[in-house]
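There are 6 protein chains.
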Amino acid sequence: MTETILAAARSVAAQGTTVLGLTPTIGPASVENHVEAILSATGVLSAVREYTADPTRAPVDAWILAGYGDQGKEALMELVDVPVVDITEAAAVAAMAIGDRYAVVTTLDRTVPMIRERLAAAGVAARCASVRGTGLGVLELEEDATSTDRAILARADEALAQGAEVICLGCAGMAGRAGELSSRLGAPVVDGVAAAVGQAESLVRQGLGTSRVGTYAPRSPKPLAGFGEFEVE
Amino acid sequence: MTETILAAARSVAAQGTTVLGLTPTIGPASVENHVEAILSATGVLSAVREYTADPTRAPVDAWILAGYGDQGKEALMELVDVPVVDITEAAAVAAMAIGDRYAVVTTLDRTVPMIRERLAAAGVAARCASVRGTGLGVLELEEDATSTDRAILARADEALAQGAEVICLGCAGMAGRAGELSSRLGAPVVDGVAAAVGQAESLVRQGLGTSRVGTYAPRSPKPLAGFGEFEVE
Amino acid sequence: MTETILAAARSVAAQGTTVLGLTPTIGPASVENHVEAILSATGVLSAVREYTADPTRAPVDAWILAGYGDQGKEALMELVDVPVVDITEAAAVAAMAIGDRYAVVTTLDRTVPMIRERLAAAGVAARCASVRGTGLGVLELEEDATSTDRAILARADEALAQGAEVICLGCAGMAGRAGELSSRLGAPVVDGVAAAVGQAESLVRQGLGTSRVGTYAPRSPKPLAGFGEFEVE
Amino acid sequence: MTETILAAARSVAAQGTTVLGLTPTIGPASVENHVEAILSATGVLSAVREYTADPTRAPVDAWILAGYGDQGKEALMELVDVPVVDITEAAAVAAMAIGDRYAVVTTLDRTVPMIRERLAAAGVAARCASVRGTGLGVLELEEDATSTDRAILARADEALAQGAEVICLGCAGMAGRAGELSSRLGAPVVDGVAAAVGQAESLVRQGLGTSRVGTYAPRSPKPLAGFGEFEVE
Amino acid sequence: MTETILAAARSVAAQGTTVLGLTPTIGPASVENHVEAILSATGVLSAVREYTADPTRAPVDAWILAGYGDQGKEALMELVDVPVVDITEAAAVAAMAIGDRYAVVTTLDRTVPMIRERLAAAGVAARCASVRGTGLGVLELEEDATSTDRAILARADEALAQGAEVICLGCAGMAGRAGELSSRLGAPVVDGVAAAVGQAESLVRQGLGTSRVGTYAPRSPKPLAGFGEFEVE
Amino acid sequence: MTETILAAARSVAAQGTTVLGLTPTIGPASVENHVEAILSATGVLSAVREYTADPTRAPVDAWILAGYGDQGKEALMELVDVPVVDITEAAAVAAMAIGDRYAVVTTLDRTVPMIRERLAAAGVAARCASVRGTGLGVLELEEDATSTDRAILARADEALAQGAEVICLGCAGMAGRAGELSSRLGAPVVDGVAAAVGQAESLVRQGLGTSRVGTYAPRSPKPLAGFGEFEVE
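Chains as they are written, first to last, in full-length UniProt numbering: chain W, 1 to 233; chain A, 1 to 233; chain H, 1 to 233; chain P, 1 to 233; chain V, 1 to 233; chain X, 1 to 233.
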């Protein structure tokens, strides 16, 4: 799945942009519930911390969190100096630019409230018409592309019938399908990974980074038992 | 601080209720930023998982998350079979029962958005007049009770002047001070820990547990690299 | 119906809690429209006033308003010195603790806007998925338990299908049915009366009473033609 | 005060409109808290019921509720066949027609949440910038017109400074002062009584009456102990 | 269509009110998309400017914008000295006075978001249950009254079934049909043109005009290339 | 000012992106009220229409509306085949990516409601802490850079003190100042023009265009008296 995501990201990257993939070594293979979301966030923080602490790794200009829903974006904003982009938000933002209301078509129904909450927390829920589950698990998406596409299109058609004008693919595992699904649907389909690449590039070119005057101010030293890697000096 | 929290909880517990304290062995000593929130949630899940897996430990009827803001309540709801009560929500609910609007007085200003977001996610923000920081870190609260009380009262007075009618103490470390602060303020002061005890007891007596038909449905098996303790069978 | 309500309340009361029933002598037998709501509120105020003025009656630590919708909670908060708990609010609060979104299943369709408005006024509407009527009048509920349960379950199933995870029984006359309905539905069902008992006990143990610094400040003397019983001295 | 209100109403009535005053014989002389609001609503219902049952009284085409806040509008909509207009709503509606945001300047601070809640329930709160109390009781308003005007203008100036563009006089007892206050303030001042007359006339001319298909459907027969006058046949 | 609109307006006008029709000479014959909305607004401004600059034309006490959706109301409020009334807002306001929630039944589905947005901007969306399109173009409305009525009633019935209690006719071209449609529907039907006449008369009688202290303050001189007619001196 | 805007845009454009400037030949030199907004929108439509109809002009991949507030974005989305980006929205989106809440600092106070409304309509207002005016007209901005910067920084400091973490420059005429103002303020400052360039590039690379299934469906033929240039065939 990381390869699929990277391919989708690279296909829209500007000239001069290098897209690297980093898969956490700890945490779940996919995020479909709240326990997995917490563990995934810990895995993400750990992987990023290790990367940034390694002088042999190429410096990174922005990080993209390629998981739909909440995977610790706010914490990562504290951890790194460069912008952090979340595909859930980026997809919503792209969708709002090209239509009146958008809908998200995602995996299991149980993730619907997680995504809805994430959109609300991100401040981009006002024009979200609905979030709909296909009933497919993240890891099932790639098993049978035909039935996956069919399930996504069925939910997307329902969403359009009820007033959505743009569809966001609510899982990084759906990356790369946007173009074909859009053709079949007759309406724009947004892939969050692709949307995030553009937002990251834009923030970097503008020279913008996370504000340090409020909730993302530098952390103070504090013992973090069992997580010494995240301590500040 | 755990002792302070336990004393506050026990002072309001019904006859027959036993209050136990469980402090995670991993994670930060206090939560004042988003990185610490993630690590704390992981520590909480780990401590609860270990406790419930230990047949020598007394069974628990409900868990109280004694941290203001987000410390993984939703994940814990998936992990355990019994109700989970969050002090942020419980304090808000008690405050709304006894006045028109409430305000939260908390520690560092940087935690204000975290608490505001938690109240919104919990669906209890509509009558929140404001969340205000005292500028005191969690671990500073116990250093000098006099100046801590003075800082809390100053923010509380401001909140009342702008229309709040009840004050919630926005940190478990303030537990036990509600009575005295209320006398000095002339308005009710709610301690989230005490409020949570009553909510937990009430849910238990009603025989209510987390709904398993939606977002908190049982998790499916999945490899959780590095977190095998949380795998389901 | 008062007996049904009392039995439901007592079944969840903590050790040491005595639950008394007080039925207003004036006002409608049930509340299903706005005229009845006003008259019921007047009846409630009158019954409580008479009770509290009678030195032979046992002192009361908290009042529970066992009517869904608006029956004068705010006025009662001014009238008495102890906490006042509303079953509409208490049910919502319990429901929000154990699931993502809740729905209310109530009696006549015409009461739906009244309940929706009450939830909004109480500040607990953000996670209300829907309020649904069964078409049954309050006084019909006890006539045929089988068909009543069937009607409630039909609406509850619809609510779950559209994303609710917890059901609140939207009428005190449904008290006592929560357990069985929950078993049949496969999702938690909250009885507002039971929920209110726990909230009342909790407020009493916390020593919390209505804030007197704002809208519930002590009333000033004023002639209340025809309602002299409510005059303050 | 009834005379003041009537004069204000008549000064804006259309040719052919007769404005009658009806003061309830039971209930408080003014409404400044929730107990008084309930009693006032009962008094209003009673007075209107008596009026409409009296064949010697002139038929009425519309009723205006000349009290700011909640005085039983919804119940009155069920009781009578003709439109019911509330001055709180009517003032807001007029204000929204002539500026971006409006503010309400009212009597005691304790009534601020009551008015805010009424505006929300009426669905006209979105453009309300603030509701501000002058600290004056309803019955004090007429005592010293100079200081009353000064208090109103002070609050109005504050409201304008914070973005309001129109001021609503938040008490029927302020009726008749709008013109002069507007001149001194340099911004429009809306008197709810005057606004309500126009709304009532308009509804009557359009032939519109309360919808009977939902929450205001005809009431069913039911014993109303102590309030037999309100029973339907 | 102007004749239909004028007839509807005159049928509800108060004694002494003269209703004049003014059709812009530039702009689209109807407004069904955003391009037409902008051009229509320009046409409206131009027609009003020309009218007010012509000393031979009768002075006007208030302007009514007889187009559903956005046709430049805010700009017209700056251009003229007298009140400006928008039929979209006026219909909503009348509907809210006589029922709990209202729905709008309009022409093409594509105008639904435009009307929804207008209601939100006007601050009257909180009690809007839905906006529904009939699929009929504005200019088709008059072609076949029978099928037009049937299409409107079908959408209205759906709206009532989902909780609306009052229907607003979402197009000035439907003016004059409210009475008959209401009879057939069994629920009130509001014609925005008729509602606007009453609101305009009311504002005029109250002596209220647009506030000039905020966003509608007098414009400053500025070259308006190609639109010199709108320049201020 | 067009030069300033172009320089700001080019400074952040990706390699391979050409930024062209197009200034409408009709309409106001700046937009500071609602009349000017309508005329500006007409001017924008006209200029774009003329450009796209001219086979000698270079094809354009996306249009950026470099005016804060509403200048006809929705109409332009109907007129052209490629994406349309609005600087008001783009700035908000960039700001939300790098902080909790943002504030907009703009020109005249009278434009504050226009911008607030635009943010709401665009669905990006939830995390807007405030919109503040400097009292400077658009055309005054370039007169004295020192006092302009001072005025912007004063409003920005106020915004930060009240909880904003990022500042958006609320006027295209402020383009190019973001970097220096950010240094002096100690918090990120977003220039909408720069933000819009990145959003436009991103949409183009993703192959996304305006959805044609709903409110932005192709227009039907209709006579547009006086605006024949906008007629479709």
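For glycine and all other residues, C-beta sits at the position ideal for the given N, C-alpha and C.
Beta-carbon within less than 6 Å of residue i's beta-carbon, same chain only, minus the 5 sequence neighbours each way: which residues are those?
{"i": "X:Leu208", "result": "none"}
{"i": "A:Ala13", "result": "Val19, Val197"}
{"i": "P:Thr210", "result": "Met77, Tyr216"}
{"i": "V:Ile5", "result": "Ala66, Ala172, Ala175, Val193"}
Out of the options, which has the shortest C-alpha to C-alpha gap to residue i?
{"i": "X:Tyr216", "options": "W:Ile98, W:Val232, W:Met174", "result": "W:Ile98"}
{"i": "X:Leu224", "options": "V:Leu20, V:Ala37, V:Leu79", "result": "V:Ala37"}
{"i": "W:Gly21", "options": "W:Thr56, W:Arg219, W:Ile64", "result": "W:Ile64"}
{"i": "V:Ala91", "options": "V:Ala175, V:Arg212, V:Glu50", "result": "V:Ala175"}
{"i": "P:Asp61", "options": "P:Leu139, P:Thr107, P:Pro83", "result": "P:Pro83"}
{"i": "P:Arg177", "options": "P:Glu165, P:Thr56, P:Ile152", "result": "P:Ile152"}
{"i": "H:Val44", "options": "H:Glu78, H:Arg150, H:Lys222, H:Thr17", "result": "H:Glu78"}
{"i": "X:Gly186", "options": "X:Thr107, X:Thr56, X:Asp157, X:His34", "result": "X:Asp157"}
{"i": "W:Gln228", "options": "A:Val35, A:Met1, A:Arg57, A:Gln162", "result": "Before going further, note that residue 228 of chain W is Gly rather than Gln in the sequence given. Selected option, being the one with the closest Cα: A:Val35."}
Identify whether residue i lies in helix, strand or coil by the three-state DSSP scheme.
{"i": "P:Ala151", "result": "helix"}
{"i": "A:Leu139", "result": "helix"}
{"i": "W:Leu224", "result": "strand"}
{"i": "A:Val35", "result": "helix"}
{"i": "X:Asp86", "result": "strand"}
{"i": "P:Ile98", "result": "coil"}
{"i": "W:Ile115", "result": "helix"}
{"i": "H:Leu203", "result": "helix"}
{"i": "X:Ile26", "result": "coil"}
{"i": "A:Ser182", "result": "helix"}
{"i": "H:Leu79", "result": "helix"}
{"i": "V:Asp191", "result": "strand"}
{"i": "W:Gly21", "result": "coil"}
{"i": "A:Thr134", "result": "coil"}
{"i": "P:Val232", "result": "coil"}
{"i": "P:Val44", "result": "helix"}
{"i": "X:Ala58", "result": "coil"}
Please classify residue i as buried or exposed, where buried requires at least 16 other C-beta atoms within 10 Å of its C-beta.
{"i": "P:Gln71", "result": "buried"}
{"i": "H:Ala154", "result": "exposed"}
{"i": "H:Ser220", "result": "exposed"}
{"i": "A:Ala8", "result": "buried"}
{"i": "V:Ala145", "result": "exposed"}
{"i": "X:Ser183", "result": "exposed"}
{"i": "W:Arg127", "result": "buried"}
{"i": "P:Arg101", "result": "buried"}
Near residue i, which residues of its chain fall below 7 Å by C-beta distance, leaving aside the five closest residues on each side in sequence?
{"i": "X:Ala47", "result": "Leu22, Pro24, Thr25"}
{"i": "V:Val80", "result": "Val48, Thr52, Trp63"}
{"i": "X:Gly69", "result": "Val31, Ala37, Thr88, Thr111, Met114, Ile115, Arg118"}
{"i": "W:Ala94", "result": "Val190, Ala195"}
In chain order, what residues of the same chain have a beta carbon less than 8 Å from the beta carbon of residue i, not counting five sequence neighbours either side?
{"i": "residue 240 of chain V", "result": "With chain V running from 1 to 233 in the structure shown, residue 240 of chain V is simply not present."}
Heavy atom of the ligand ATP less than 7 Å from the Cβ of residue i, yes or no?
{"i": "V:Ala62", "result": "The model depicted lacks the ligand ATP and carries no ligand whatsoever."}
Worksheet item: Can at least three beta-carbon pairs, one atom from the stretch 180-198 of chain P and one from the stretch 130-141 of chain P, be found at a separation below 8 Å?
Response: The stretch 130-141 of chain P and the stretch 180-198 of chain P do not touch, with fewer than three beta-carbon pairs separated by less than 8 Å.
Discussion item. Is it the case that the stretch 106-126 of chain W contacts the stretch 166-174 of chain W, given that we only count it when at least three CB pairs across the two stretches are under 8 Å?
Written reply: Contact holds: three or more Cβ-Cβ distances are below 8 Å.
Discussion item. Below 8 Å, how does it come out for the stretch 196-203 of chain A and the stretch 198-207 of chain H: are there three or more Cβ pairs, yes or no?
Written reply: Because the criterion of three Cβ pairs below 8 Å is met, the stretch 196-203 of chain A and the stretch 198-207 of chain H touch.
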